[in-house]
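These notes are about the structure you will find just below.
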Amino acid sequence: MLSHKTSVHFVNAEGHGNRMLLVPTFVLLYWKKFLLVIGSVMTILLAVIGIFIYQKTSEHYKQELDRANYVRKQVDLQRLKQSFESIDKSITHINKFLAERGLQGLKMKKTDQSKLEIQDVNKITSVYEKNIQKLEANIVNIPLGKPYDGKITSHFGTRANPFTGHGSEGHSGTDFRGKMGDPVISTAEGKVSFAGQKGGYGNCIIIDHGFNLQTLYGHLSKINVKAGDSIKGEKTIGAIGSTGRSTGPHLHYEIHFKGERINPELYFNF
Numbered sequence: 002m003l004s005h006k007t008s009v010h011f012v013n014a015e016g017h018g019n020r021m022l023l024v025p026t027f028v029l030l031y032w033k034k035f036l037l038v039i040g041s042v043m044t045i046l047l048a049v050i051g052i053f054i055y056q057k058t059s060e061h062y063k064q065e066l067d068r069a070n071y072v073r074k075q076v077d078l079q080r081l082k083q084s085f086e087s088i089d090k091s092i093t094h095i096n097k098f099l100a101e102r103g104l105q106g107l108k109m110k111k112t113d114q115s116k117l118e119i120q121d122v123n124k125i126t127s128v129y130e131k132n133i134q135k136l137e138a139n140i141v142n143i144p145l146g147k148p149y150d151g152k153i154t155s156h157f158g159t160r161a162n163p164f165t166g167h168g169s170e171g172h173s174g175t176d177f178r179g180k181m182g183d184p185v186i187s188t189a190e191g192k193v194s195f196a197g198q199k200g201g202y203g204n205c206i207i208i209d210h211g212f213n214l215q216t217l218y219g220h221l222s223k224i225n226v227k228a229g230d231s232i233k234g235e236k237t238i239g240a241i242g243s244t245g246r247s248t249g250p251h252l253h254y255e256i257h258f259k260g261e262r263i264n265p266e267l268y269f270n271f
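See below:
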């Protein structure tokens, strides 16, 4: 039966034509089964091709997604790195400022970054960065440290009368013993509001630092600035003297806050 063939004649609608095709007889007998097998094979083939295309497309999409996520993380990490670099730079500037005045520098507490998401760290560091920069901009106007590295002979508050040796009197600042002509430096940036003779202070300089803060330097032998001058950085503004109500060469130093005299020694350390 496998070798037996059947002739199939093809004619047109009018019955004309003599085209003949030899077809194995078993194909004609089981054509439905053949169509089912061929259809199944085609369906399986199309399914395999579809799965292959899906896998390739899915893999490509995954690679692109991974690449996009990597780029996004790199951008976040770069922003994080810049934030920390900015913070480090500001801390360095602040510590240099404090070191020039003999003060201990700032130390930043380390954070366990492993428990934070990249986005959260960026937000947190951005806040710290802004506050550190604000601190850096303002700290130069805060009188810190000592205007002269000498022995303190009189503290703020009540003291024994240095002229009569009897009784006591109020003392509105801190006195530093020094040598005649030794340099006196400003303890903060600001603007000179007064420079000249001022009663018992003798030769005197007053600097306005903003934030309702002023510093006063009295009994000077020399004044190197004038009213209206801007004081930038650590600057020598005068020299130790004994002018005005004085018992010998020294510097009288005051800090005023909102017009009230306060203890300068509170500002000798940060």
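To convert, take the position in the sequence shown, counting from 1, and add 1; that gives my numbering. For glycine and all other residues, C-beta sits at the position ideal for the given N, C-alpha and C.
Expressed to the nearest angstrom, what Euclidean distance is found between the alpha-carbon atoms of residue i and residue j?
i, j, result
"Y62", "V42", "30 angstroms"
"D209", "E255", "12 angstroms"
"F311", "V226", "Nothing about residue 311 can be reported from this structure: the residues present for the chain run from 2 to 271 only."
"K108", "L145", "18 angstroms"
"T44", "I52", "12 angstroms"
"K259", "M181", "32 angstroms"
"V49", "K34", "22 angstroms"
Would you mind working out which of the options sits nearest residue i, comparing C-alpha positions?
i, options, result
"G245", "Y202, F271, L145 and V226", "Y202"
"H172", "I95, T159, I263 and K227", "T159"
"S236", "A189, H251 and S247", "Just to set this straight, residue 236 is Lys in the shown sequence, not Ser. Considering only alpha carbons, the answer is A189."
"H257", "G103, K233 and T216", "T216"
"S243", "S194, N70 and C205", "C205"
"K233", "S187, I207 and T248", "S187"
"Y268", "N142, V193 and I241", "N142"
"S194", "N70, L36 and I207", "I207"
"K90", "K131, Q56 and L104", "K131"
"V185", "N213, T248, P148 and K192", "P148"
"L136", "H94, T248, L37 and I153", "H94"
"F271", "G106, H251 and A138", "G106"
DSSP beta-bridge partners for residue i?
i, result
"P184", "A240"
"I95", "Per DSSP, none; premise fails for I95."
"H172", "G158"
"F177", "I153 and L252"
Would you kindly report the start and end of the unbroken beta strand (DSSP E) that includes residue i?
i, result
"N204", "N204 to G211"
"G191", "G191 to Q198"
"H220", "L214 to L221"
"R262", "E261 to I263"
"I256", "H251 to F258"
Touching by the beta-carbon criterion (3+ pairs, under 8 angstroms), the region 170-178 and the region 221-228: no
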